[in-house]
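Protein sequences, first through last, are from chains A and B. Heads up, the numbering used here is the position in the first sequence plus 513, with the first residue counted as 1. Heads up, the numbering used here is the position in the second sequence plus 224, with the first residue counted as 1.
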Amino acid sequence: AQTVTQSQPEMSVQEAETVTLSCTYDTSESDYYLFWYKQPPSRQMILVIRQEAYKQQNATENRFSVNFQKAAKSFSLKISDSQLGDAAMYFCAYRRGRGDMRFGAGTRLTVKP
Amino acid sequence: DAMVIQNPRYQVTQFGKPVTLSCSQTLNHNVMYWYQQKSSQAPKLLFHYYDKDFNNEADTPDNFQSRRPNTSFCFLDIRSPGLGDAAMYLCATSSGSTDTQYFGPGTRLTVL
């Protein structure tokens with residue numbers, strides 16, 4: 514079974530600083546997808562970034578980037594120039610095949626002004 | 225704008241009284257999902273439809289059922305809600321088996 518582990522229940526960052534959220538996963542598959550989702554207090558889940566396992570290049574989306582280490586089964590999210598609107602719960606997720614999305618327990622990010 | 229819509233946003237029901245939650249999408253995605261999310265926990269997949277093909281997760285209680293009458297709509301039926309079923313229910317869609325899932329705003333269910 515695939516499991517996703519987020520070892521940081523809570524993180525805090527100063528506005529304009531950089532923060533990295535950790536995620537590790539366990540799988541025996543070689544082809545899969547990884548995602549970071551953001552869930553603000555309004556509770557709508559929003560896709561932040563996605564990574565295909567077959568791609569060696571780390572995905573980036575504006576201030577968000579990932580450090581994908583396939584051999585280590587690690588998928589961390591870096592948020593640069595943090596903004597107050599980045600405050601949310603962040604979920605790391607793994608997906609292989611139909612309907613097989615597994616979420617980590619989440620990391621609650623606080624951004625201090 | 226194309227989106228995933230869930231109605232109602234808040235639903236209150238009584239213990240044992242059947243309730244139906246609805247999800248609609250304008251994305252024309254062929255896959256629709258229902259998740260249950262309890263407070264401060266990760267979403268848990270209940271089931272999904274790939275077109276009309278229904279896929280139930282092994283640990284989804286029999287109390288939970290779903291219907292998908294057409295591409296745009298999907299319903300979650302809870303036949304006899306218990307106090308433990310109080311949660312946020314999230315609907316999501318994707319355009320294929322491996323594509324990104326897009327989530328609706330959720331329906332918060334309260335069971336009295």
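In this text, a Cβ means the ideal position worked out from N, Cα and C, and glycines have one as well.
Helix, strand or coil at residue i [DSSP, three-state]
i        : result
B/Leu333 : strand
B/Leu251 : coil
A/Asp599 : helix
B/Asp309 : helix
A/Lys591 : strand
B/Glu281 : coil
B/Thr295 : coil
B/Asn287 : coil
A/Asp539 : strand
A/Lys586 : coil
B/Ala266 : coil
B/Ala316 : strand
B/Tyr234 : strand
A/Thr620 : strand
Cα-Cα separation between residue i and residue j, rounded to whole angstroms
i        : j        : result
A/Asn571 : B/Lys241 : 49 Å
A/Lys583 : A/Ala606 : 15 Å
A/Gln521 : A/Arg609 : 24 Å
A/Lys568 : B/Arg233 : 38 Å
A/Gln527 : A/Gly619 : 20 Å
B/Leu270 : A/Glu565 : 25 Å
B/Glu281 : A/Cys536 : 24 Å
B/Tyr259 : A/Pro626 : 34 Å
B/Val243 : B/Thr317 : 22 Å
A/Asp539 : B/Cys247 : 32 Å
B/Thr336 : B/Phe278 : Note that residue 336 of chain B is Leu in the sequence shown, not Thr. When rounded, the distance between both Cα atoms is 30 Å.
A/Leu597 : A/Ala529 : 9 Å
A/Ile592 : A/Lys586 : 20 Å
Residue-level contact to chain A via CB, residue i, 9 Å cutoff
i        : result
B/Tyr234 : no
B/Ala311 : no
B/Leu333 : no
B/Thr324 : yes
B/Ser196 : The requested residue 196 of chain B does not occur in the structure, where chain B is confined to residues 225 to 336.
B/Gln238 : no
B/Phe288 : no
B/Phe299 : no
Contact check, residue i vs residue j, beta carbons under 9 Å
i        : j        : result
B/Gly328 : B/Gln238 : no
A/Phe604 : B/Pro267 : yes
B/Asn196 : B/Gly320 : In the structure as shown, chain B starts at 225 and stops at 336, and residue 196 of chain B therefore has no counterpart that could be examined.
B/Met227 : B/Tyr313 : no
B/Gly330 : B/Gln261 : yes
B/Asn231 : B/Thr295 : no
Beta carbon proximity, residue i to chain B, threshold 9 Å
i        : result
A/Ala618 : yes
A/Tyr550 : yes
A/Gln570 : no
A/Ile559 : yes
A/Phe604 : yes
A/Arg576 : no
*At a Cβ cut of 8 Å, what residues of the segment 521-537 of chain A count as close to chain B, listed as they run along the chain?*
none
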